[in-house]
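Here's the structure, in structure tokens; my notes come after.
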Amino acid sequence: MDKQLDRLKNDLDAYISPEPIFTDEDKRKIRMKIKESKEINRPSIKKKSWFPKVIGIAAAAFAIFIIGSLINHFGQMGSNDSSSADMAESSSEYKMNDGKSSKPASLRAKTGVSTNADSTFSDLNMNSELKKTYMDFSASKKESLLNGLPAIDIFKLFIEAGRLNDYPIQYALLNHDSNEKLPFKTEKEYIEFRKTQDGSKLNALYGPIQQGHHQIKLINERRAIIYISEGNEQKAISLIKNNEGIWKISWESIK
């Protein structure tokens, strides 16, 4: 019995070894295997390709900047062109107080006139340039000298011619288009008329014109009216652009 027990004990001791099952080396290898297994099984993280995206964003921003700059540039050009046109119109047609201009009549550009634009003035004296134009026109009667002059300057020339009894110049400053019903067929007939009693009545205009208050109203591109006020009296003189685009006095308004 005792022998059987000893044999069983020995068998059990052999089964349960007092020696460690895993040595330190075994444990190290097992840990390495586990670590390698985790590295293999871990999902790979792809590196984001950020450089091309940054380049794309920069290119888009640059394109937007260029487009915006072009839009702003052409917008300013349109605005400047519009302002220049307005300034040209103002300088050629609305400087009524002194009639000054930096260019001779032959070089002045024809400009349009805004509807219902008006201006007031009180001085009918001609500046040195307009006086020279009067002298040149009186000597040559060249219509080109009047080309580009504003309506108020033609009016001043007409008044100056009347003050000097320069009837040939007055006649030349009248509108001679076919739609204007002039009672004079020639310059000579006008001069003879001005010497009559009826013709001399026009001289009565010069006092109120020189002393009164004036306002010019531009009806449209081809018609302007000058209102002359003295006290309670008012006179209206009309100017028309003729077929050549030159302002002329309408006889119907002063007869």
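Numbering (the UniProt record's numbering), first residue to last: 1 to 255. Every residue gets a Cβ at the ideal spot worked out from N, C-alpha and C, and that includes glycine. Quick caveat, the model's predicted, so the values are computed rather than measured.
Would you say residue i and residue j are within 8 Å of each other, going by their C-beta atoms?
{"i": "residue 172", "j": "residue 141", "result": "yes"}
{"i": "residue 154", "j": "residue 146", "result": "yes"}
{"i": "residue 216", "j": "residue 152", "result": "yes"}
{"i": "residue 156", "j": "residue 130", "result": "yes"}
{"i": "residue 128", "j": "residue 169", "result": "no"}
{"i": "residue 174", "j": "residue 248", "result": "yes"}
{"i": "residue 125", "j": "residue 177", "result": "no"}
{"i": "residue 167", "j": "residue 134", "result": "no"}
Drop a sphere of 10 angstroms on the beta-carbon of residue i, count the other beta-carbons inside from all chains shown, and report buried for 16 or more, exposed for fewer.
{"i": "residue 164", "result": "exposed"}
{"i": "residue 194", "result": "buried"}
{"i": "residue 224", "result": "buried"}
{"i": "residue 101", "result": "Here the model assigns residue 101 a pLDDT of 42, short of 50, so the residue's position is not dependable and the matter cannot be decided."}
{"i": "residue 250", "result": "buried"}
{"i": "residue 161", "result": "buried"}
{"i": "residue 109", "result": "For residue 109, the pLDDT reaches just 38, beneath the cut-off of 50, and the residue's location in the model is therefore unreliable, although a value from the coordinates is still provided. Exposed, by the Cβ-count rule."}
{"i": "residue 239", "result": "buried"}
{"i": "residue 226", "result": "buried"}
{"i": "residue 185", "result": "exposed"}
Could you pull the start and end residues of the beta strand (DSSP E) that residue i belongs to?
{"i": "residue 233", "result": "233-241"}
{"i": "residue 249", "result": "247-249"}
Just to confirm the assignment, what range does the alpha helix (DSSP H) spanning residue i have?
{"i": "residue 191", "result": "187-194"}
{"i": "residue 160", "result": "151-163"}
{"i": "residue 174", "result": "Careful: residue 174 lies outside any alpha helix (DSSP H) and carries neither H nor E."}
{"i": "residue 199", "result": "197-200"}
{"i": "residue 258", "result": "With the chain covering only 1 through 255, there is no way to say anything about residue 258."}
Tell me, to the nearest whole angstrom, how far the beta carbon of residue i is from that of residue j; I am working on the premise that it is less than 8 Å.
{"i": "residue 237", "j": "residue 254", "result": "6 Å"}
{"i": "residue 246", "j": "residue 143", "result": "6 Å"}
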